[in-house]
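Here is the structure we will look at.
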Amino acid sequence: MSDQPFKRPRPNPTPASLPDPWGPATEETPMGLVDKLIAATGEGDPVRVDLFRLRQQIQEHEITLTEARAAIEKMDEVIKKVTAPANRIGTFLGVPKKEVAHIAVGGHDYYSNVDPRLDLGALKIGTRVLVNEAYVVVGDLGYDNSGPVGKVVDVLKDGRLRIGQEHGLQSMILQRSTDLRDAAVKTGDEVRIDPAFRVAVELLATPGQREYYLEEVPELPWNRVGGQHSAIQGIKDAIELPMLHPELLRRFHYAQPKGFLLHGPPGCGKTLIGKATAYNLTRKLREQTGRDMKECFMHIKGPEILNMWVGESERMVREIFTLAREKRKQGFMPFV
40 MSDQPFKRPR PNPTPASLPD PWGPATEETP MGLVDKLIAA TGEGDPVRVD LFRLRQQIQE
100 HEITLTEARA AIEKMDEVIK KVTAPANRIG TFLGVPKKEV AHIAVGGHDY YSNVDPRLDL
160 GALKIGTRVL VNEAYVVVGD LGYDNSGPVG KVVDVLKDGR LRIGQEHGLQ SMILQRSTDL
220 RDAAVKTGDE VRIDPAFRVA VELLATPGQR EYYLEEVPEL PWNRVGGQHS AIQGIKDAIE
280 LPMLHPELLR RFHYAQPKGF LLHGPPGCGK TLIGKATAYN LTRKLREQTG RDMKECFMHI
340 KGPEILNMWV GESERMVREI FTLAREKRKQ GFMPFV
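Just add 39 to the spot in the sequence shown (first one is 1) and you have the numbering used here.
Structure representation (structure tokens):
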């Protein structure tokens with residue numbers, strides 16, 4: 040055994056205990072460190088020129104890195120857009136309860152949630168809405184500018200519209216859009232329907248002369264109708280007298296004819312006599328009653344109401360007389 044005293048061995052230094060040759064970590068940028076080195080060197084130091092070159096290279100690399108980062112972010116947005124599923128388009132039908140929208144998508148109805156960023160109160164019935172994968176309403180696309188056109192057959196008491204279809208197809212009941220809620224829709228008017236066939240979205244302006252040639256009667260007194268004296272007298276007895284003097288005819292039990300048929304080749308004056316009847320009778324009723332009454336002559340031709348589909352001709356005849364009654368309510372004296 041040795042006579043020297045025992046000494047405990049010193050432990051090997053750990054990596055944490057090794058001195059850091061670079062000094063404490065800082066948040067300075069490489070550009071800032073180079074600027075410090077440039078400031079620490081003298082004017083005549085040859086290293087100073089190299090530091091300026093290094094600074095220029097670092098600046099160019101930082102610009103390139105910034106542009107590359109912006110391009111990557113833009114590419115990420117593009118990738119998200121091209122890989123995201125397509126949104127569906129539905130028709131907004133109403134708000135059944137708070138924060139819930141009633142929509143129609145692809146022939147099916149849904150009660151959907153609404154994106155909080157979207158103002159549910161600003162949505163209008165009949166407008167198109169954007170629907171995501173979860174059938175949440177995320178956008179308002181407004182009214183569609185195109186769609187099928189239907190003719191109003193009847194206006195129900197609650198404001199809904201019964202639309203008739205051509206060629207024997209089944210009619211349907213539509214609700215009105217928000218913009219059409221207070222519009223004066225009448226039987227015979229044409230409305231544009233949304234692509235889902237649920238809402239009447241627009242009242243179409245119709246000209247005065249439509250399918251049934253609704254015409255304004257010109258000034259045509261009887262003395263401007265040449266000849267046809269027997270036909271004119273028969274019309275006066277069958278049509279004018281019962282309307283101008285109904286009490287007198289009832290007192291003498293006058294048998295009023297149920298109809299009056301004008302026949303003859305084209306150009307013999309049948310339509311002219313009809314227009315003259317409308318003008319003269321309306322003028323006499325206006326003078327007798329003192330009311331502002333206008334004549335309305337509906338010129339119907341046989342081929343216009345002749346249809347190969349079962350029931351269509353009958354429907355057109357009913358529509359003609361419904362339109363005449365609507366004109367009567369508007370203050371006209373219709374003649375069919």
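Idealized CB from N, CA, C, for every residue including glycine.
For residue j and residue i, believed in contact at Cβ under 8 Å, the rounded distance
i: L157; j: R167; result: Their Cβ separation, rounded to whole angstroms, is 13 Å, which puts L157 and R167 out of contact at 8 Å.
i: A192; j: L243; result: Looking at the sequence itself, residue 192 is Val, so the reference to Ala does not match. Actually they do not touch by this definition, with Cβ atoms about 15 Å apart.
i: I274; j: I312; result: 7 Å
i: V256; j: K314; result: 5 Å
i: L90; j: V73; result: 6 Å
i: N126; j: L169; result: 5 Å
i: K333; j: G306; result: Contact doesn't hold; Cβ gap of about 28 Å is too wide.
Where the beta strand (DSSP E) containing residue i begins and where it ends
i: P373; result: F371 to F374
i: L213; result: M211 to R215
i: G133; result: R127 to K136
i: S151; result: H147 to N152
i: K366; result: Taken as a continuous stretch (DSSP letters only), K366 belongs to no beta strand (DSSP E), being part of the alpha helix (DSSP H) at E351 to K368.
i: A140; result: V139 to V144
i: I202; result: L200 to G203
i: R263; result: First-last for R263: undefined, no H or E at that position.
i: L159; result: Per DSSP, L159 belongs to no beta strand (DSSP E) and is neither H nor E.
Cβ-based neighbour list, residue i, same chain, cut-off 6 Å, excluding 5 preceding and 5 following
i: K190; result: G203 and E229
i: E358; result: none
i: F374; result: A317 and F336
i: L57; result: Any reading at L57 must be qualified, since the residue scores a pLDDT of 45, below 50, and its modelled position is unreliable; the value itself is stated next. So the list is empty, once near-sequence residues are dropped.
i: V14; result: A query on residue 14 cannot be resolved here, the shown segment of the chain reaching from 40 to 375 and no further.
Own chain partners of residue i with C-beta closer than 8 Å, once the 5 adjacent residues on each side are dropped
i: V238; result: T130, L132, I164, G165, L213, Q214, R215, S216 and I232
i: G186; result: R231, I232, D233, P234 and V240
i: A143; result: G129, T130, L132, Y149, A235 and R237
i: E138; result: N152, V153 and L159
i: L301; result: A270, K309, I312 and G313
Sequence-distant residues of the same chain with beta carbon closer than 7 Å to residue i, five excluded per side
i: D154; result: V175, V176 and V177
i: A363; result: M337, P373 and V375
i: S210; result: V192, R201, I202, G203 and Q204
i: P69; result: I97
Host alpha helix (DSSP H) of residue i (start-end)
i: Y318; result: K309 to T328
i: I77; result: P69 to A79
i: A239; result: From DSSP, A239 is part of no alpha helix (DSSP H) but of the beta strand (DSSP E) over V238 to L243.
i: E343; result: G341 to I344
Counterpart residues of residue i in DSSP-defined beta bridges
i: E334; result: M372
Secondary structure, alpha helix (DSSP H): runs of 4+ residues fully inside the stretch 268 to 299
268 to 274, 280 to 283 and 285 to 290
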